[in-house]
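Residue numbers (the working numbering): 820 to 961.
Reading through the C-alpha cells given below for one structure.
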Amino acid sequence: MEKGKLVMELMVETFPDKTVELDSEIGHVKMIPFGGTVKSDIFNGIIEPCGVDTQVTNQAGVRHMSARYMLTGKDADGNDCHIYLENNAWFTNGERPKPWISTPKFITDSKKLATYLHTNQFIGEGMRVEEGLRIRYYEVAR
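See below:
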C-alpha cells in the first residue's frame, strides 16, 4: 500500500507507570495507557486519556498491536465531535520497524467527516520522535 495525502497527526503521551503486563505459557500481554493531541486540516483536539495500546505476543513471536483511541475536538466546520480510532499492526521475529505501519479504522459522530472517514482506506505510520510518539494517518494512494 502506498501512502497518499496526510489526513491527521497524533502526538501520543504514554503513561508507563500505569502499564500492566502478564506472561503465560501461550504468550505475553502488555497494556499501555495513553493520551495526547491531534492536529489536522479536518480535525483538531485531544486523545482522551483512556486510550490503551494492547500488545499480544504469541508463542511464535508474532506481536499484534491493537491501540484504541477516543478523540475529542472540533471538525473542519468548528463543530464539536468525537472520533473513535482503532489502530492495528503486526510484527514478527521481534522486529520493531522505524517507522512501523498500521491499519486504522475510524468511526465518528461528525456529519462533516463521517462519509470521508467511514468509506476511505487509510494507512498509519508511527515513529518515536524527540517529542514522543508521532502517528500520522494517510489516505491510501489509488
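Idealized CB from N, CA, C, for every residue including glycine.
Spatially closest choice to residue i from the options, by CA coordinates
i: residue 940; options: 854, 947 and 921; result: 921
i: residue 849; options: 917, 837 and 954; result: 837
i: residue 930; options: 862, 945, 833 and 842; result: 862
i: residue 868; options: 881, 860 and 891; result: 891
i: residue 888; options: 924, 826 and 958; result: 924
i: residue 948; options: 860, 919, 825 and 903; result: 919
Cβ shell of residue i (< 7 Å), same chain only, five flanking positions each side left out
i: residue 960; result: 821, 822 and 823
i: residue 831; result: 853, 855, 866, 951, 952 and 954
i: residue 899; result: 893
i: residue 912; result: 880
i: residue 933; result: 927
Opening and closing residue of the alpha helix (DSSP H) in which residue i lies
i: residue 931; result: 930-938
Spatial neighbours of residue i in its chain, beta-carbon cut-off 8 Å, leaving aside the 5 residues before and after
i: residue 897; result: none
i: residue 937; result: 925, 926 and 927
Residue interval of the beta strand (DSSP E) (run including residue i)
i: residue 911; result: Here residue 911 belongs to no beta strand (DSSP E), and DSSP marks it neither H nor E.
i: residue 945; result: 941-948
i: residue 834; result: It is not in any beta strand (DSSP E) - residue 834 carries neither H nor E in the DSSP assignment.
i: residue 923; result: 919-927
Beta-carbon contacts of residue i that lie in its chain and below 6 Å, excluding the five residues immediately before and after
i: residue 886; result: 872 and 906
i: residue 909; result: 883
### 3 or more residues per run - each beta strand (DSSP E) lying fully within the segment 844-891
For the beta strand (DSSP E) assignment, the uninterrupted runs of no fewer than 3 residues enclosed by the segment 844-891 are, from N- to C-terminal side, 846-858 and 862-877.
### Message
Under 8 Å, with one C-beta from each stretch per pair, do the segment 875-882 and the segment 841-855 reach the 3-pair mark?
### Response
Here the segment 875-882 lies against the segment 841-855, with 3 or more beta-carbon pairs under 8 Å apart.
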